[in-house]
């Protein structure tokens, strides 16, 4: 999983803007989380009605493989904007999962 500090476009009436006329955001595997509007994810799961609340297609891997530490990609506009979504990854109960977080050099170099 890649952990990225990226850019989110600012609303047209915003008085403060950051890099590339946007504001800082974050994402994992190029998916930036947005809270559901109608119900909580837990309610939707409990009542068996997740339609319109969240999907279970959170990606296993980033959509594009490249040299994540190469600073030449730091301001590549085709890479630093992540879509907002409410996606989850369904795991088996009591399963053991290993997650390796890989930072990228987008906007700033980080380490995890």
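Numbering (this note's numbering), first residue to last: 72 to 183. Ideal Cβ positions, reconstructed from N, Cα and C, are used throughout, including at glycine. This structure is a prediction, so every number in the text was calculated from the model and none was measured.
{"query": "Where the beta strand (DSSP E) containing residue 79 begins and where it ends", "result": "73-80"}
{"query": "Boundaries (first-last residue) of the alpha helix (DSSP H) holding residue 113", "result": "112-117"}
{"query": "Through-space distance from residue 85 to residue 156, alpha-carbon basis", "result": "22 Å"}
{"query": "Span of the beta strand (DSSP E) around residue 99", "result": "93-99"}
{"query": "Cα-Cα separation between residue 74 and residue 101, rounded to whole angstroms", "result": "8 Å"}
{"query": "Identified DSSP bridge partners for residue 126", "result": "158"}
{"query": "Beta-carbon spacing of residue 166, residue 127 below 8 Å", "result": "no"}
{"query": "Inter-residue Cα distance where the pair is residue 139 and residue 172", "result": "12 Å"}
{"query": "Residues that residue 104 bridges to, as DSSP identifies them", "result": "156"}
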